[in-house]
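Mapping of the sequence shown onto the UniProt record's numbering: residues 1 to 219, in sequence order. We treat Cβ as the ideally placed atom computed from N, Cα and C, and that holds for glycine. For reference, the structure is listed below as structure tokens.
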Amino acid sequence: MSLNTNDGSKVYTPLSLSLYDWWVLKISNNYAWHCDTDKFLIPHFKFHLGNNHMDIGVGTGFYLKKSADKINKITLSDLNVHSLECAKKYISDEKLNSCLCHDIFNRFTGELRGVFDSVSIFYLLHCLPGKMSDKKQAIINITETLKDDGILYGATILGKGVKHNRFGSKLMSVYNKKGIFSNVYDSADSLETMLSSLFEDVSVNIQGTVALFTAKNKK
């Protein structure tokens, strides 16, 4: 099955990125998804941040900006060059290992396998095409970059098994029709099952319609 990852990433233009923090992290998180950015997402990002970290699906670099004092070494990876340019502004040259324009449905190069203490994927999974079983290949590729005791963590908006309000339902409908989201069938159970097939220790916690997850100890 060939999966098109472009629809989920091409929406991030310089204009849309200038509005992203306000629209997604403030308005949508509070009123559509009921997962407050300051209360839940920023602490989740900071708490699991390891010494050598990779952030995939960097958005505007918002979480990097909020965690600048905790970052030691970091690699940025995204399919969208505008996002990479926006995010790397918040990282000093001595802390930034590299910026990768990379499709995570393809394996990372050999020098990036088994080297990261932590990898974050915030609001990435719900943008990946297909069902959770299709998205597993991307997670396999990401898992290869972790050390044996490394941690994969992030957050994703669910489409199944949660109750969306009218605002959230409207956004879900529009975003899925446009291919920005592909999460109608994404549930906490399918997420946990997929992660548990790759990791020994998995945690999935629901806040509003968002799953905050961690996965560690690779199988």
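Query                                                                                                                     : Result
Straight-line Cα distance separating ARG113 from LEU84                                                                    : 21 Å
Per DSSP, cross-strand counterpart(s) of ILE151                                                                           : SER118, LYS216
Inter-residue spacing [alpha-carbon to alpha-carbon] between TYR153 and VAL174                                            : 27 Å
Cut-off 6 Å between Cβ atoms - residues of its own chain near VAL24, not counting five sequence neighbours on either side : none
Unbroken stretches of the beta strand (DSSP E), 3 residues or longer, contained in the stretch 50-100                     : 52-56, 73-78
Separation of ILE121 from GLY50, as counted between CA atoms                                                              : 14 Å
Under the three-state DSSP convention, the category LEU195 falls into                                                     : helix
For VAL204: DSSP bridge partner residues                                                                                  : PHE213
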